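Per numbering that gives the first Met the number 0, the very first residue in the sequence shown carries number 0; after that it's consecutive.
These notes concern the structure reproduced below.
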Amino acid sequence: MSWFRSALAAACLFAPAAAFAAACDQPRQVDGFKTCADVAKAEQEGALVLYSPDPEANQAALLKAFHEAFPKINATYLRLQTGALYAKLMAERQAKTYMPDALTLTDMTFVIDFKKRGGWMHYESPEVAAYPQNARSEPPGDWMWGGIIVAGIAYNPTTVKEADAPKSWADLLNPRWKDAINVKVSNSGLQHETWFMMKKVLGDDYWKKFAELKPRAFDSYVQQYDRTVSGQDMVISTAQYSGYLQFKAKGAPIAYVNPTEGQVAAPEVMGIVDNAPHPEAAKLFMDWFTSVPGQKAYVAASSLYSARKDVPPPAGGIPITDIKLLAPDDWETFLKTHTQFVREWDRMVGMR
């Protein structure tokens, strides 16, 4: 079993954390969590900027919860899909313009590249000790898994009968879904993983056959679900379970399929950016975010899973230990396919 699966499987996801040294000898207890940040200085800085690919509503809800805990800190965000977000960040840093304090990435290609560039600020939050060793950087202190994304298939039950609905990733190749299926754009790390895993599980020809369906690609899972709920599309490939939970909670006509091959799983990575303009606020945010209060707020805002064993699944969601997860066995091998994926994916979705 891969290290990723080992970290997420029933027995290993919640294994005891390895020995861990916090950034300070005596972390301060603040509102249900421990911090090594200078809270007074953080409040004097008075601001926090988060760069993230999460939908605007999710980020707004998360930062509202942080602001309620620390009303003297005005938290704002910038949202772009992961690839576009990373390109913007790189352009800013090349110009020696430092805007974000904290950064979320959903593509390990960029997470590792940013580390090689010295982009992560090293800060060993005392709260990260509660995370499995494989859900944080090695050595600890650069980044950690802010959330776990899982994705399968979704469809509109008012336009697709349950008996006709796909039951597997292989079923998506049925010609009936031509011009009626949507996917994510190549900027999506989750889409890269799905592309990679389907080639491994179902063979190299899978995406060649899938291309014949002429799928539509969208930047956000919100767009994918909006189109399917409205009847513009019939099926979603690489449908985020979190999106399903959110739309279902609103009463939308949407059904979710746990494919027989398994669901694709991807980490949503969070860390502090080197040269952060508000470093103490960034440390305080990181400590809060990785704590039980912060993770509960994040799960409520995003409907993603937490890697902490003491944080329950998102509302309406099944335990992650009940899901068969598909993820790369070797991240280095996965990362080397990024250029190929982008080239092939852009060509496929540009066929319309």
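Don't be surprised by glycine CBs; every beta carbon is placed ideally from N, CA and C.
On a predicted model such as this, the values are computed, not experimentally measured, just so you know.
- In this chain, the alpha helix (DSSP H) harbouring ARG342 covers 337-348.
- Secondary structure note for TYR255: its beta strand (DSSP E) is the uninterrupted segment 254-256.
- Residue state for TRP330 is assigned as helix, using DSSP reduced to three classes.
- In the three-state reduction of the DSSP assignment, PHE69 falls in the coil class.
- The closest CA to that of PHE65, considering only ASN257, GLN294 and ILE319, is found on GLN294.
- Check the Cα spacing between VAL38 and each of PHE32, LEU283, MET196 and ASN57: the tightest is with LEU283.
- Residue pairing by DSSP puts PHE217 in a beta bridge opposite LYS183.
- Within the segment 106-194, the runs of beta strand (DSSP E) that reach at least 3 residues and sit entirely inside it are, in chain order, 143-154 and 180-183.
- The residue among LEU47, ILE111 and ALA83 with its C-alpha nearest the C-alpha of PRO138 is ILE111.
- Looking at the DSSP output, ALA86 shares a beta bridge with no other residue.
- Taking a cut-off of 8 Å for Cβ pairs, the segment 230-250 and the segment 171-180 touch, as three or more such pairs fall below it.
- In this structure, ILE271 is the residue among ALA68, GLN222, ILE271 and ILE152 with its C-alpha nearest to the C-alpha of PRO99.
- Annotation: the continuous alpha helix (DSSP H) that includes TYR240 extends over 240-248.
- A distance below 8 Å separates the beta carbons of THR81 and ASN186.
- PHE32 is bridged by DSSP to VAL29.
- Counting the other CB atoms within 10 Å of its CB gives ARG116 a total below 16, which places it among the exposed residues.
- At a Cβ-Cβ threshold of 8 Å, ILE319 and TYR297 do not count as neighbours.
- Distance from the Cα of ALA153 is smallest, within the candidate group ARG27, ASP225 and MET143, for ASP225.
- For TYR304, there is no enclosing beta strand (DSSP E), as DSSP marks it with neither H nor E.
- By the Cβ-count criterion, THR259 is exposed, with fewer than 16 other Cβ atoms from all chains shown falling within 10 Å of its own Cβ.
- Residue range 262-271 is occupied by the beta strand (DSSP E) that includes GLN262.
- If you ignore the 5 residues before and after ARG215, its C-beta comes within less than 8 Å of the C-beta of ILE180, ASN181, VAL182, ARG226, ASP232, VAL348 and ARG351, all in its own chain and listed in chain order.
- Taking a C-beta distance under 8 Å as the contact criterion, MET143 and LEU325 do not qualify as a contact pair.
- Judged by DSSP in its simplified three-state form, TYR97 adopts coil rather than helix or strand.
- DSSP lists THR75 as the beta-bridge partner residues of VAL48.
- In this chain, the alpha helix (DSSP H) harbouring GLU279 covers 278-289.
- A residue is called buried when at least 16 other Cβ atoms come within 10 angstroms of its Cβ; THR157 does not meet this threshold and is exposed.
- The beta carbon of THR105 sits closer than 8 Å to those of PRO52, THR81, ILE148, SER187, GLY188, LEU189, ALA265, PRO266, GLU267 and VAL268, all from its chain and outside the five residues before and after it, given in chain order.
- For ALA281 and LEU102, the gap between their C-alpha atoms comes out near 10 Å.
- Leaving aside the five residues that flank ALA60 on each side, the residues in its chain whose CB is nearer than 6 Å to its CB run, in chain order, ALA300.
- Annotation: ALA314 is outside any alpha helix (DSSP H) and is labelled neither H nor E by DSSP.
- Of LEU201, GLY146, ALA210 and SER136, the smallest CA-CA separation from LYS114 is found for SER136.
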